[in-house]
Amino acid sequence: AGLSKMAATFDGVSNVVGMSLRNELRGPKQNVNDWFKYMQQGAEAVHSANKNVLVILSGLSFDSDLSFVRSRSVKLSFTGKLVFEMHWYSFSDGNSWASNNPNDNCGRVLNRIGNNGGFLLNQGFPLFLSEFGIDERGGNVNDNRYFGCLSAWAAENDVDWALWALTGDYYLREGVVGLVEYYGALDSDWISVRNSSFLQMISLLQSPLQGPGPRTDAY
Numbered sequence: 001a002g003l004s005k006m007a008a009t010f011d012g013v014s015n016v017v018g019m020s021l022r023n024e025l026r027g028p029k030q031n032v033n034d035w036f037k038y039m040q041q042g043a044e045a046v047h048s049a050n051k052n053v054l055v056i057l058s059g060l061s062f063d064s065d066l067s068f069v070r071s072r073s074v075k076l077s078f079t080g081k082l083v084f085e086m087h088w089y090s091f092s093d094g095n096s097w098a099s100n101n102p103n104d105n106c107g108r109v110l111n112r113i114g115n116n117g118g119f120l121l122n123q124g125f126p127l128f129l130s131e132f133g134i135d136e137r138g139g140n141v142n143d144n145r146y147f148g149c150l151s152a153w154a155a156e157n158d159v160d161w162a163l164w165a166l167t168g169d170y171y172l173r174e175g176v177v178g179l180v181e182y183y184g185a186l187d188s189d190w191i192s193v194r195n196s197s198f199l200q201m202i203s204l205l206q207s208p209l210q211g212p213g214p215r216t217d218a219y
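Numbering (UniProt numbering), first residue to last: 1 to 219.
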């Protein structure tokens, strides 16, 4: 009911182009059979309520694993609207970036990314990197090395992406008033940019590198 309500609410709203069904599935009860059952039900509910919006399916294990759709197809009554999404952070691979040769580690991690979801790009499905980010204070070696690998992969594959996060701080999070979000693009005043060098780097990923691209300029 919730997915149908949200899809219907934004039917005809041109700047709402997609709906993700569930964020970061996780825990001991997650399993592939339930994923197919409920993701397919949710996708059909969204489509019934809104024929225009894209339907975005996230993976298991904090949205890091879609490997199971390689051998089992998602079955839906509609076509041309299905998008898969993945999340990728440095800590998805522990402290491996800081403790290993970054080039060797990049190769190993990209192999994992390819097996867990990147293969969808070769099958003609849109794959949305719907969360990535770094500690924008700039001193986290694990994050900094990971970002070089991620940005090269994203550019090569012309992946659509969303950055975690815009947030400068939170009213209340984890019991802390005014907790600072160091992954945030904005500083805690919500006006200043936290790390202008990082924004310059991700701006290189904003322009389309394959296909016709959008009809508007990068922003």
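All C-beta atoms, glycine included, are put in the ideal place defined by N, C-alpha and C. Predicted, not measured: the structure shown is a model, and the values here were computed from it.
S96: member of the alpha helix (DSSP H) spanning 96-99, first to last residue.
With the rule of 3 Cβ pairs closer than 8 Å, the segment 94-105 does not count as touching the segment 64-77.
According to the DSSP assignment, L120 belongs to the alpha helix (DSSP H) that extends over 119-122.
When C-alpha distances from V53 are compared across D11, Y146, M39, W35, the shortest belongs to D11. As the crow flies, the alpha-carbon of E85 is around 6 Å from that of L129. In terms of Cα proximity to V159, the closest of I134, N195, V83 is V83.
R173 has its alpha-carbon roughly 33 Å from the corresponding atom of P102. Taking 8 Å as the cut-off, the beta carbon of R194 is found no closer than this to the beta carbon of L205. Linking F119 to F62 through their CA atoms gives a straight-line distance of about 18 Å.
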